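Basically our numbering = 1-based index in the sequence shown + 1306. All C-beta atoms, glycine included, are put in the ideal place defined by N, C-alpha and C. Predicted, not measured: the structure shown is a model, and the values here were computed from it.
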Amino acid sequence: MEEILESVEWLKARGIESAEVGIILGTGLHGLAQHIEVEKEFNYSVIPHFPIATVEYHFGKLIYGTLGGKKVLACQGRFHHYEGYSMQQVVHPVRVMRMLGVKFMLLSNAAGALNPEFKKGSLMVIEDHINLQTENPLRGENADELGPRFPDMSQPYSYHLNGLIKEIAAEKGIQVQEGVYISVPGPNLETRAEYRFLRMIGGDAVGMSTVPEVIACNHMGLPCCCISVLTDECDPQKLSPVSIEEIIQTAKQAEPALTQLYQALIEKI
Ligand code: HPA
């Protein structure tokens, strides 16, 4: 709690008053940031208690500005547990943004498609998740100022936000799927047997992020949503090796559609 408040005070002292919408941009998905009318931006490395993004393809920056007529705070680059950060560090930016007043959290990520009908390069709105990451950001003494000991997870992704995304997608002719995201610890990709298992237990997509942040949002009663860009097809019958470069390339290609959806969503909420 102390570290969260120190980050918040540091940012407030530098002119970040409050924001309405928080955004977290995942791997290869930082294009949305180019549409923000930037007022302030800070490298994570200068903000007290912000971990430094170690994965070189992540831009570690917190941006404050206006998008879709609203004040937003956007994290360009996120922290993953596999990088060696604690789960508390992974969710630190989400908690700081909440303390700075955000009322909605919009997340994005790159994920592998488990559902054989979902194709590489398409978008999936996360409807629900299965958490297979063994660590949890809420482990340990509960910070009652943030939320309850046993947060409800019956509607982890806001029906309201997901409904708006689907409406906007239909208006704009952007195809979006809806499905269940499974989070795994990473950093290795999955074996064929693991992909088969993940599909069998009900997954439509798999990735190594997002769920810790979504748990932190639900803990704080902060409505959130997430769009996954499906960067590879995880078909155990015909699995070919995927490289991180390929994943980033596919994410970049699909990114403009994600940007359009989120920009319109921010205007509507
Ligand atoms: N597995 C896990 N994480 C991922 C994948 C995948 O196939 N694709 C993109 N992120």
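Next item on the list: Could you check what DSSP says for A1480 in three-state terms: helix, strand or coil?
Entry: In the sequence as presented, Ala is not what sits at residue 1480; that position holds Ile. The answer is coil: DSSP assigns I1480 none of H, G, I, E or B.
Item checked: Given Y1463 as reference, the closest of Q1394, K1376, V1431 once Cα atoms are compared -> V1431
Notebook entry, point to check: Is the stretch 1381-1392 in contact with the stretch 1474-1482, if contact means three or more CB pairs nearer than 8 Å?
Noted result: no
Next item on the list: Determine the burial state of Q1461: buried for a count of at least 16 other Cβ atoms within 10 Å of its Cβ, exposed for fewer.
Entry: exposed
Check: Is H1435 closer than 7 Å to Y1487 when the C-beta atoms are compared?
Finding: yes
Check: Is D1538 buried or exposed, if buried means 16 or more other CB atoms sit within 10 Å of its CB?
Finding: buried
Note to self: DSSP three-state label for G1375, please.
What the structure shows: coil
Checklist line | Between the CA atoms of I1322 and G1371 - distance to the nearest angstrom | finding: 9 Å
Checklist line | For Y1363, three-class secondary structure by DSSP | finding: Low confidence applies to Y1363: its pLDDT is 47, below 50, so where it sits in the model is not reliable enough to give any reading.
Next item on the list: Please list the segments of the beta strand (DSSP E) lying wholly inside the stretch 1317-1343, counting only runs of 3 or more residues, in order along the chain.
Entry: 1327-1331
Item checked: Exposure label - D1458; buried when at least 16 CB within 10 Å -> exposed
Note to self: Closer than 6 Å to a non-hydrogen atom of the ligand HPA - does that hold for the CB of T1556?
What the structure shows: no
Check: What residues in its chain sit with their C-beta under 8 Å from that of I1553, if we drop five residues either side in the sequence?
Finding: T1333, G1334, A1416, T1537, D1538
Next item on the list: Check the DSSP bridge columns for D1434 and list the partner residues they point to.
Entry: V1486
Note to self: So the candidates are A1563, M1514, L1317; which of them puts its Cα closest to the Cα of N1494?
What the structure shows: M1514
Note to self: If I measure Cβ to Cβ from M1559 and keep anything under 8 Å in the same chain, skipping five residues before and after, which residues do I get?
What the structure shows: Residue 1559 is actually Gln in this sequence, not Met. Excluding positions up to five away in sequence, the list reads G1427.
Notebook entry, point to check: Got a list of residues with beta-carbon closer than 7 Å to any non-hydrogen atom of the ligand HPA, in chain order?
Noted result: A1416, A1417, G1418, V1490, G1492, L1495, E1496, V1512, G1513, M1514, T1537, D1538, C1540, V1548, I1553
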